[in-house]
Amino acid sequence: MLLTFICEMMMIKLALSSALPLTYTEEINDITDLILERTLQIVRSHHQEVIPIQDLDITFKPGISKPSGTIEARDGGFRGLDSIEREGDAFLIRTDENDMKLVALMRMSTMSYFYNSYSVNVNNTAQSGSLNVVIKENLVKMDLHLTTAEECAFQLTDLNIKIANNYTVQMSLMEVQPLFYQELINWACETYLTVITDTVREALFNNINQALHDLEICHFIMSPNGLADLLPKKRLDLPFFSFNLN
């Protein structure tokens with residue numbers, strides 16, 4: 001009996017001191033869904049259908065079997081912040097005695113971006129037209145940091161596009177060799193992972209933090225039945241888990 005108790009205490013001590021995901025996945029998923037649902041409401045209220053994106057001036061780096069030249073893109077926009085859903089389980093990870101991190105993947109519906117005007121000079125051959133890129137599969141990784149050292153503070157610390165594929169590219173008035181066209185497609189998709197990543201991050205970052213504020217996440221976490229129970233009040237206290245999402 002004593003040996004069992006000692007083993008249990010050792011396991012608890014290890015759990016409290018290591019940066020491993022905490023359990024109770026269903027409740028953590030529910031909380032994450034609430035955050036994403038509120039975020040989507042805010043996004044819809046703040047943004048029109050199209051979000052402007054910055055102009056681009058790109059220079060190709062010449063190489064073996066690769067074209068050299070420049071691209072200028074103007075009058076661009078981004079569509080696609082109309083669906084945000086959790087992908088898989090969210091995880092609550094203890095990073096310190098008074099710190100936790102909520103990590104989740106968000107699946108976003110078809111995104112697209114366009115430039116109404118662009119000009120390309122490939123191997124001294126100039127072309128101009130419009131560009132439209134549609135990416136059908138998007139996963140965005142979200143890290144939320146929670147600290148209760150002095151007072152509850154919950155802040156988005158990281159937001160990055162992790163997966164973006166299954167795409168289609170439409171370029172008008174393009175008459176270049178297939179090899180060069182593939183290079184332009186690659187450029188278009190790389191553009192998504194740079195400029196559009198920044199656009200998505202900017203559009204979502206403040207809105208997610210606003211959602212945390214609107215939902216009074218800190219109040220919920222610090223309540224007797226909230227996520228604060230995941231952090232023992234004293235170092236040697238046994239953790240007691242209780243959730244009330246109603």
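Sequential numbering of the sequence shown, starting at 1, is according to the UniProt record's numbering.
Beta carbons: idealized from backbone N, C-alpha and C, even for Gly.
Predicted, not measured: the structure shown is a model, and the values here were computed from it.
- Task: Starting from the C-beta of Asp-158, find all residues in its chain whose C-beta is less than 8 Å away, skip the five residues before and the five after it, and write them out in chain order.
- Result: Residue mapping note: residue 158 aligns to position 158 of the sequence shown, counting from 1. Closer than 8 Å at the Cβ level, and outside the excluded window around Asp-158, lie Lys-141, Met-142 and Asp-143.
- How many angstroms separate the CA atom of Arg-107 from the CA atom of Gln-41? Taking the first residue of the sequence shown as 1, we reach residue 107 at position 107. Taking the first residue of the sequence shown as 1, we reach residue 41 at position 41. Taking the CA atoms as reference points, Arg-107 sits about 16 Å from Gln-41.
- Task: May I ask you to list the residues that DSSP assigns as paired with Phe-91?
- Result: As a first step, residue 91 must be located in the sequence shown, where it is residue number 91. Phe-91 is bridged to Val-103.
- Message: With H, G and I counted as helix, E and B as strand and the rest as coil, what does DSSP make of Asn-186?
- Response: Here residue 186 refers to the residue found at position 186 when the sequence shown is read from its first residue. In the structure shown, Asn-186 sits in a helix (DSSP, three-state: H, G or I).
- Task: For the alpha helix (DSSP H) holding Ser-45, just list the boundary residues, first then last.
- Result: Here residue 45 corresponds to residue number 45 of the sequence shown, with the count starting at 1. 25 to 46 is the extent of the alpha helix (DSSP H) around Ser-45.
- Message: Here's a check: name, in chain order, each residue in its chain whose Cβ is nearer than 7 Å to the Cβ of Leu-34, leaving out the five neighbours to either side.
- Response: The count along the sequence shown starts at 1 and reaches residue 34 at position 34. Closer than 7 Å at Cβ, skipping near neighbours: Leu-215.
- Which of helix, strand or coil DSSP assigns to Pro-224: Reading the sequence shown from its first residue, position 224 is the one you call residue 224. Residue placement at Pro-224 is poorly supported in this model, since its pLDDT is 48, which falls under 50; the coordinates still yield a value, given next. Coil, per DSSP.
- Per DSSP, what kind of secondary structure is Leu-204 in: helix, strand or coil? As a first step, residue 204 must be located in the sequence shown, where it is residue number 204. Leu-204 falls in the helix class under three-state DSSP.
- Message: Buried or exposed for Ala-211, going by 16 or more other Cβ atoms inside 10 Å?
- Response: Stepping through the sequence shown from its first residue, residue 211 is reached at position 211. Per the 10 Å Cβ criterion, buried.
- Cα separation between Ser-130 and Glu-87? Here residue 130 is taken as the residue at index 130 of the sequence shown, counted from 1. Here residue 87 is taken as the residue at index 87 of the sequence shown, counted from 1. Their Cα atoms are separated by approximately 33 Å.
- Can you grab the Cα-Cα spacing for the pair Thr-39 / Ile-208, in whole Å? Indexing the sequence shown from 1 puts residue 39 at position 39. Indexing the sequence shown from 1 puts residue 208 at position 208. Computed Cα separation, rounded: 5 Å.
- Consult DSSP for Asn-209 and reduce its assignment to one of helix, strand or coil. Numbered from its first residue, the sequence shown carries residue 209 at position 209. Note: Asn-209 maps to helix in three-state DSSP.
- Task: Determine which residues share a DSSP beta bridge with Glu-72 and list them.
- Result: Taking the first residue of the sequence shown as 1, we reach residue 72 at position 72. Its beta-bridge partners are Asp-57 and Ser-119.
- Query: Do Asn-116 and Arg-79 have their CB atoms nearer than 9 Å?
  - Reply: The residue labelled residue 116 in the question sits at position 116 within the sequence shown. The residue labelled residue 79 in the question sits at position 79 within the sequence shown. No, the Cβ-Cβ distance between Asn-116 and Arg-79 is not below 9 Å.
- Query: For Ile-31, which option in Glu-85, Val-50 and Ile-58 has the closest C-alpha, if you only look at C-alpha atoms?
  - Reply: Counted from its first residue, the sequence shown places residue 31 at position 31. Minimum Cα distance to Ile-31 is reached at Glu-85.
- Query: Per DSSP, what kind of secondary structure is Leu-193 in: helix, strand or coil?
  - Reply: Locating residue 193 in the sequence shown gives position 193, counting from the first residue. It is helical.
- Query: Which residues does DSSP pair with Lys-141 in a beta bridge?
  - Reply: Position 141 of the sequence shown holds residue 141. Partner(s): Leu-105 and Asn-160.
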